[in-house]
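J.: For the numbering used here, add 3 to where a residue sits in the sequence shown, where the first one is 1.
Note that the Cβ used here is the ideal one computed from N, Cα and C, for glycine as well.
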Amino acid sequence: MEIRNIAIIAHIDHGKTNLTDALMRQTGVAEGDVSMDSNALEQERGITIYSKNTSVFYRGTKINIVDTPGHADFGSEVERVLRSIDSVLLVVDAQEGPMPQTKFVLRKSLELGLKPIVVMNKIDKLAARPEWTKDEIFSLFMELGANDEQLNFTTVYSIAKDGIAKLDLKDDSKDLSPLLDVIIKEVPIASSDELSQKPLRIQPFNLGYDDFMGRLATGRIYEGIIKSSSNVFVKKSSGETKAGKITKLFTFNGLERREVDEASAGDIVMVAGLPDIYIGETICADPSQEALPAINIDEPTISLNFLVNNSPFGGREGKFVTTRQLRERLAKELEVNVGLKIDFSSSDYFKVYGRGELHIAILLENMRREGYEVQVSKPQVIFKEENGTKLEPFEEITIDVPNEMTGVVIEKVSKRKGIITDMRPEQNHTIIIFEIPTRGFLGYRGEFMTNTRGEGIICSQVIGFRPYVGEIEHRTVGSMISMADGKSLGFSLWNLQKRGEIYIDQGTEIYEGMVIGNVSKGKDMSVNPTKGKELTNMRAKGSDEAITLTPPTKLTLESGLEIMDDDEYLEITPGSIRLRKRFLTETNRVRAKRQEKSET
Ligand SMILES: Nc1nc2c(ncn2[C@@H]2O[C@H](COP(=O)(O)OP(=O)(O)OP(=O)(O)O)[C@@H](O)[C@H]2O)c(=O)[nH]1
Ligand SMILES: [Mg+2]
Numbered sequence: 004m005e006i007r008n009i010a011i012i013a014h015i016d017h018g019k020t021n022l023t024d025a026l027m028r029q030t031g032v033a034e035g036d037v038s039m040d041s042n043a044l045e046q047e048r049g050i051t052i053y054s055k056n057t058s059v060f061y062r063g064t065k066i067n068i069v070d071t072p073g074h075a076d077f078g079s080e081v082e083r084v085l086r087s088i089d090s091v092l093l094v095v096d097a098q099e100g101p102m103p104q105t106k107f108v109l110r111k112s113l114e115l116g117l118k119p120i121v122v123m124n125k126i127d128k129l130a131a132r133p134e135w136t137k138d139e140i141f142s143l144f145m146e147l148g149a150n151d152e153q154l155n156f157t158t159v160y161s162i163a164k165d166g167i168a169k170l171d172l173k174d175d176s177k178d179l180s181p182l183l184d185v186i187i188k189e190v191p192i193a194s195s196d197e198l199s200q201k202p203l204r205i206q207p208f209n210l211g212y213d214d215f216m217g218r219l220a221t222g223r224i225y226e227g228i229i230k231s232s233s234n235v236f237v238k239k240s241s242g243e244t245k246a247g248k249i250t251k252l253f254t255f256n257g258l259e260r261r262e263v264d265e266a267s268a269g270d271i272v273m274v275a276g277l278p279d280i281y282i283g284e285t286i287c288a289d290p291s292q293e294a295l296p297a298i299n300i301d302e303p304t305i306s307l308n309f310l311v312n313n314s315p316f317g318g319r320e321g322k323f324v325t326t327r328q329l330r331e332r333l334a335k336e337l338e339v340n341v342g343l344k345i346d347f348s349s350s351d352y353f354k355v356y357g358r359g360e361l362h363i364a365i366l367l368e369n370m371r372r373e374g375y376e377v378q379v380s381k382p383q384v385i386f387k388e389e390n391g392t393k394l395e396p397f398e399e400i401t402i403d404v405p406n407e408m409t410g411v412v413i414e415k416v417s418k419r420k421g422i423i424t425d426m427r428p429e430q431n432h433t434i435i436i437f438e439i440p441t442r443g444f445l446g447y448r449g450e451f452m453t454n455t456r457g458e459g460i461i462c463s464q465v466i467g468f469r470p471y472v473g474e475i476e477h478r479t480v481g482s483m484i485s486m487a488d489g490k491s492l493g494f495s496l497w498n499l500q501k502r503g504e505i506y507i508d509q510g511t512e513i514y515e516g517m518v519i520g521n522v523s524k525g526k527d528m529s530v531n532p533t534k535g536k537e538l539t540n541m542r543a544k545g546s547d548e549a550i551t552l553t554p555p556t557k558l559t560l561e562s563g564l565e566i567m568d569d570d571e572y573l574e575i576t577p578g579s580i581r582l583r584k585r586f587l588t589e590t591n592r593v594r595a596k597r598q599e600k601s602e603t
């Protein structure tokens, strides 16, 4: 059977997964509401986190499709996939037009010499502007240096959520066959007898793990035929060659994997039996064969410490709470989480390096769902040194806000050392692009949402390491710290809410050293939220003054990571997210500060 290999790429939410799901349904490999976003966290958040394979069959051709995540933290995931396919469907929202991640994935595709097929999606939206979007896409191709062949791209219009595609907006269409036909016509055929006759070479672009089979590698067979139970060699990235044996071999059928005895050049397969296989290595038949060109994996940009939950409430909710269990869980994560690095050398904590706050938050969220308890320190950016210069990661952030809010946004971002590189006024909103050190950007999202009352859109993209820009002042609020153990009382929270934002409900169990809110003006403040009303001092009124509590700003994993301070831990358990001071008593905090001062 002829094989075509494509990836679906786009900015977040432009409709990749809806399109992939519809392709699966219409070609009969999936039914009902089976979705590529199969992971529980993906379904809950409505975003794709992991790139995944599916295969559909159309007119006697097998089309292998890789659905990719659109969030920038997972950008390096997309890059790996692009190396292993022959064309991309670049999905663009017909109203929003190209967005930052569109640019990132298109640039990578063009650099690799791929000829994209543009899928302009969501043409059903009332505010869709297909003409404008088409021009914008063309300009973006030009800007990114597309060659003539690439510039001559085909545009397919679609309503992915209804499974409709058409070549002309005026066409009447009921399904995705116009898109499938374009794929068959334009995507190069990956399989051929000639390639199958060559000695075997496979390159994995994705990893998986199975309790019974161990590490799994998904990769493209560039040349030759692979047989289950065959002996192979792996060309490691270190240059070493290792012998191994394929214990199981799978191809894809829809989302299911099918065990097969053999597969040939052009296909995408999953293999088991190679316990230390890694992305970009070459699986081959003979040790004298040459390795395929390596696949780059982006370096982490932030790090934080994971440690056992030693808070006064530690161990109340979790099933897995010991250092040994944490270590095992993190080691297992390394099997599949390619962007992640972990330093296990300290006896007090594990240092985890990741690509961004969401990358880390997803890991933590998965852990708490599985029953783990853990505490983490504040995420820090990673510095590098090159030729004696200190470097730090930078991001490009694109902000889209109503016109009247541009002032406050520019002021806030500038304070964090962001520099405007482009500003485009649209009808009643403005798009501003900044370059900003990741260090300055960390923790800004929440503030942005508040400042723009949820009306702004913000996306970021790591653009590389640049010279260190010096001190950045961030935090304008202090923490409100409980000085007592007990239950929070409505009356005291009512008093405290005048001083700042409260994170907890009344009746919440708290401990000394727990951060229960922030102080809008000034430094950290110790408070007693368990204190009842002192009746003797109250005016003798017929009834109590009614107290109205503002609903608390509950901490989430992500907001907690954003707002926490250097001397705090975020405590993450299956049922709770708490913020606490590292040193629980005021005396110890003062002592620690003094010690820190005398050391510097
Ligand atoms: N109006 C309209 N909405 C659509 C269409 N296609 C998708 N959507 C909606 O857009 C949202 C995002 O769709 P997804 O398919 O999850 O987008 P995605 O590109 O896979 O998102 P990420 O993987 O998280 O980057 C969902 O709420 C869909 O219902 C469409 O053709 N028209
Ligand atoms: Mg998706």
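Identify, in the order they occur along the chain, each residue of the same chain with its Cβ nearer than 7 Å to the Cβ of I282, setting aside the five sequence neighbours on each side.
T.: Excluding residues within five positions, the ones whose Cβ falls inside 7 Å are R83, P207, F208, L210, I298, I300, V341.
J.: How about I140 and V121: are their beta carbons less than 8 Å apart?
T.: Against a cut-off of 8 Å, the Cβ pair of V121 and I140 comes out as a contact.
J.: Do P303 and R358 have their beta-carbon atoms positioned less than 8 Å apart in this structure?
T.: Their beta carbons are under 8 Å apart, which means R358 touches P303 by this criterion.
J.: Rounded to whole angstroms, what is the Cα-Cα separation between P103 and N591?
T.: Computed Cα separation, rounded: 46 Å.
J.: By Cβ distance below 6 Å, which residues in the same chain neighbour V379 in space, the five residues on each side in sequence not counted?
T.: So the list reads L307, F309, L573, once near-sequence residues are dropped.
J.: Looking only at DSSP bridge pairs, what is N521 linked to?
T.: Answer is S482, E504, bridged to N521.
J.: Around the C-beta of P2, are 16 or more other C-beta atoms found within 10 angstroms, so that it is buried, or is it exposed?
T.: Outside the shown range of the chain, which is 4 to 603, sits residue 2, and nothing can be said about it.
J.: Considering only the beta carbon of each residue, do T420 and I475 sit closer than 8 Å?
T.: The sequence given here places Lys at residue 420; Thr does not occur at that position. In this structure, I475 lies closer than 8 Å to K420 by Cβ.
J.: At a cut-off of 7 Å, would you count T105 as near ligand 2, judging by its Cβ distance to the nearest heavy atom?
T.: Not under cutoff, so the answer is no.
J.: For the structure I just gave you, are there three or more beta carbon pairs, one from the region 519-528 and one from the region 481-496, closer than 8 Å?
T.: At 8 Å Cβ cutoff, the stretches touch.
J.: Alpha carbons only, please: which of D351, S348, Y471, I363 is nearest the one belonging to E336?
T.: When only C-alpha atoms are compared, the closest one is I363.
J.: Should G125 be listed as close to ligand 1, given that the test is whether its C-beta is under 7 Å from any heavy atom?
T.: Reading off the sequence shown, one finds Lys at residue 125, where the question assumed Gly. Yes; taking the cut-off as 7 Å, the Cβ of K125 has a heavy atom of ligand 1 nearer than that.
J.: Please state whether the Cβ-Cβ distance between S161 and M123 is less than 8 Å.
T.: Yes, they are a contact pair.
J.: Could you check whether the Cβ of D289 sits closer than 7 Å to any heavy atom belonging to ligand 2?
T.: D289 Cβ: outside cutoff for every heavy atom of ligand 2.
J.: Using the beta carbon as the reference atom, which residues fall closer than 7 Å to any heavy atom of ligand 2, ordered along the chain?
T.: That query returns the following residues: K19, T20, M39, D40, I50, T51, D70, P72, G73.
J.: Within this structure, are the beta carbons of A288 and V235 separated by less than 8 Å?
T.: Yes, these two residues count as a Cβ contact at 8 Å.
J.: Where DSSP assigns a beta bridge to K245, which residues make up the other side?
T.: K245 is bridged to V237.
J.: Using only the heavy atoms of ligand 1, determine whether one of them is closer than 7 Å to the beta carbon of A266.
T.: Not under cutoff, so the answer is no.
J.: For V379, name the three-state secondary structure that DSSP assigns.
T.: Strand.
J.: Quick check: the Cα distance between R542 and E450, rounded to an integer number of angstroms?
T.: Bear in mind that a pLDDT of 48 at R542, under 50, signals an unreliable position, so the number given afterwards is only what the model happens to contain. Between R542 and E450, the C-alpha separation is close to 40 Å.
J.: Let's test the definition: count the other Cβ atoms within 10 Å of the Cβ of G242 and tell me whether it reaches 16, buried, or not, exposed.
T.: By the neighbour-count rule (16 or more Cβ atoms within 10 Å), G242 is not buried but exposed.
J.: Look at the Cβ atom of G459, then the Cβ atom of V377, and state whether they are nearer than 8 Å.
T.: Their beta carbons are not under 8 Å apart, which means G459 does not touch V377 by this criterion.
J.: Which residue's Cα is closest to the Cα of T588: E599, V530, F156, E197?
T.: Answer by Cα proximity: V530.
J.: Quick one: what does DSSP say R260 is sitting in, helix, strand or coil?
T.: It is a strand residue.
J.: Does the region 360-375 come close enough to the region 316-336 that 3 or more CB-CB pairs lie under 8 Å?
T.: The region 316-336 vs the region 360-375: in contact.
J.: With a Cβ-Cβ cutoff of 8 Å, do S2 and S267 count as a contact?
T.: This structure leaves residue 2 out entirely; the chain is present only between 4 and 603.
J.: Can you tell me whether V94 is buried or exposed, with buried defined as 16 or more other CB within 10 angstroms of its CB?
T.: Label assigned to V94: buried.
J.: Tell me which residue opens and which closes the beta strand (DSSP E) that K418 is part of.
T.: Per DSSP, K418 belongs to no beta strand (DSSP E); it is in the alpha helix (DSSP H), 409-418.
J.: Given this structure, state the Cα-to-Cα distance separating S601 from T511, to the nearest angstrom.
T.: C-alpha separation (whole angstroms): 38 Å.
J.: Let me know the alpha helix (DSSP H) ranges lying completely inside the region 106-135, each 4 residues or longer, listed in chain order.
T.: The region 106-135 contains no whole alpha helix (DSSP H) run of 4 or more residues.
J.: Between K557 and the rest of its own chain, which residues show a CB-CB distance below 7 Å, the 5 nearest in sequence each way excluded?
T.: Cβ neighbours of K557 beyond the five flanking positions: Y506.
J.: Based on DSSP bridge pairs, tell me the residues matched to I461.
T.: I402.
J.: Between the region 62-82 and the region 16-26, are three or more C-beta pairs nearer than 8 Å?
T.: Yes: the two stretches touch, three or more of their Cβ pairs being nearer than 8 Å.
J.: Span of the alpha helix (DSSP H) holding Y447?
T.: Start and end: 447-454.
J.: If you scan the region 324-366 from start to end, which runs of the beta strand (DSSP E) of 3 or more residues do you find wholly inside it?
T.: Segments of the beta strand (DSSP E) lying fully in the region 324-366: 344-346, 353-357.
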